[in-house]
Amino acid sequence: MITAKHVVKTDNGWIPEILVRLNTRDGASNFISVPVVSEGNRKTVFAHRDLDADVVAIPFFPDPDKYDFKCIPDSMLTTQQDLINLKIREGSEVFFVGMFASYTGYDRIYPITRFGHVALLTDEKIEWAGRFSNLYLIESFCFGGNSGSPAFFYLGQDREPGMLTLGSTEIRVAGIVTGYFNSSTYRPIVEATNFSISEANTGIMAITPAYKIRELLLGDELTEL
Numbered sequence: 005m006i007t008a009k010h011v012v013k014t015d016n017g018w019i020p021e022i023l024v025r026l027n028t029r030d031g032a033s034n035f036i037s038v039p040v041v042s043e044g045n046r047k048t049v050f051a052h053r054d055l056d057a058d059v060v061a062i063p064f065f066p067d068p069d070k071y072d073f074k075c076i077p078d079s080m081l082t083t084q085q086d087l088i089n090l091k092i093r094e095g096s097e098v099f100f101v102g103m104f105a106s107y108t109g110y111d112r113i114y115p116i117t118r119f120g121h122v123a124l125l126t127d128e129k130i131e132w133a134g135r136f137s138n139l140y141l142i143e144s145f146c147f148g149g150n151s152g153s154p155a156f157f158y159l160g161q162d163r164e165p166g167m168l169t170l171g172s173t174e175i176r177v178a179g180i181v182t183g184y185f186n187s188s189t190y191r192p193i194v195e196a197t198n199f200s201i202s203e204a205n206t207g208i209m210a211i212t213p214a215y216k217i218r219e220l221l222l223g224d225e226l227t228e229l
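FYI, the numbering for the sequence shown is 5 to 229, going by the numbering used here.
1. Does DSSP put I36 in a helix, a strand or coil?
2. Looking at the structure shown, is T206 part of a helix, part of a strand, or coil, going by DSSP?
3. If we count the other Cβ atoms within 10 Å of its Cβ and call it buried at 16 or more, is S172 buried or exposed?
4. Spell out the partners DSSP gives P213 in its beta bridges.
5. Which residue marks the beginning of the alpha helix (DSSP H) containing H121, and which one marks its end?
6. When you compare the CB positions of L287 and R93, do they come within less than 8 Å of one another, or not?
7. Got a sec? Which residues, its chain only, sit under 6 Å from E225 by beta carbon, not counting five neighbours each side?
8. Cα separation between A32 and R112?
9. Quick one: what does DSSP say S79 is sitting in, helix, strand or coil?
10. Is the separation between the beta-carbon of I180 and that of V38 shorter than 8 Å?
11. Nearest-angstrom Cα distance between P66 and K9?
12. Can you tell which of A204, G95 and G109 has the C-alpha that lies nearest to the C-alpha of F1?
13. Based on DSSP bridge pairs, tell me the residues matched to A155.
14. In this structure, does DSSP put N27 in helix, strand or coil?
15. Can you give the Cα-Cα distance for T117 and G102, rounded to whole angstroms?
16. So, helix, strand or coil for R218, using DSSP?
17. Given that a residue counts as buried once 16 or more other Cβ atoms are within 10 Å of its Cβ, and exposed if not, what is N205?
18. Cβ atoms of I208 and A123: under 8 Å apart, would you say?
Written as structure tokens, this is what we have:
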């Protein structure tokens, strides 16, 4: 199970437990408790060796006869070379599937799907929450509850400007949602000399690249496990 590191680790350290909600095959949904143990023989959460990478892996496989879920094969994780081979660039289509906090579903889970485009691909690290990280910037609107959501490249036949690509549409994992960028604006309160700062969503979100997920999964600890 892959998610954003900041979902399970706060400024005060790792949270002790997470609840994973899954749809059941009988038409309902359940929560499964998963302890968060970051070290020792009973370790349950594995972070990337790059401390600035906002991604963790939690070995987790519920009963497939009881729970309705799918696994994403590692062949769908986009590598840096795939960006070149598949002609993924600014303007390429992206979508992500995540939790809509205002409506998550009552009896069952109903995730929300949002769409957008690549805004920036760069090898340069980008400042995020006081750290410099490898990130893709996406023109799409995300919000609280989307952290850790899987984001996908949607590569249609018109993926290359001015040309049509023969073959079927390809869907690849772009990465996981890290969050969105705010823009601070000044808003007068009572007098012209008094101001408060409000945060506005810029419409640009950051995702941790899939190659960081691949590096984590193929690292020494999880390979040995």
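Beta carbons: idealized from backbone N, C-alpha and C, even for Gly.
Values in this document were obtained by computation on a predicted structure and should not be read as measured data.
This is what the structure holds:
1. Correct three-state label for I36: strand.
2. It is a strand residue.
3. exposed
4. Note: P213 sits in a beta bridge opposite G179.
5. Note, H121: premise wrong, no alpha helix (DSSP H); beta strand (DSSP E) at I116 to L124.
6. What the structure shows of the chain is the stretch from 5 to 229, and residue 287 is not part of that stretch, so it cannot be assessed.
7. F50
8. 5 Å
9. helix
10. no
11. Going from the Cα of P66 to the Cα of K9 covers about 21 Å.
12. Nothing can be reported for residue 1, as the shown portion of the chain is limited to 5 through 229.
13. F100 and G179
14. N27 falls in the strand class under three-state DSSP.
15. 7 Å
16. helix
17. Label assigned to N205: exposed.
18. A contact, by the Cβ cut-off of 8 Å.
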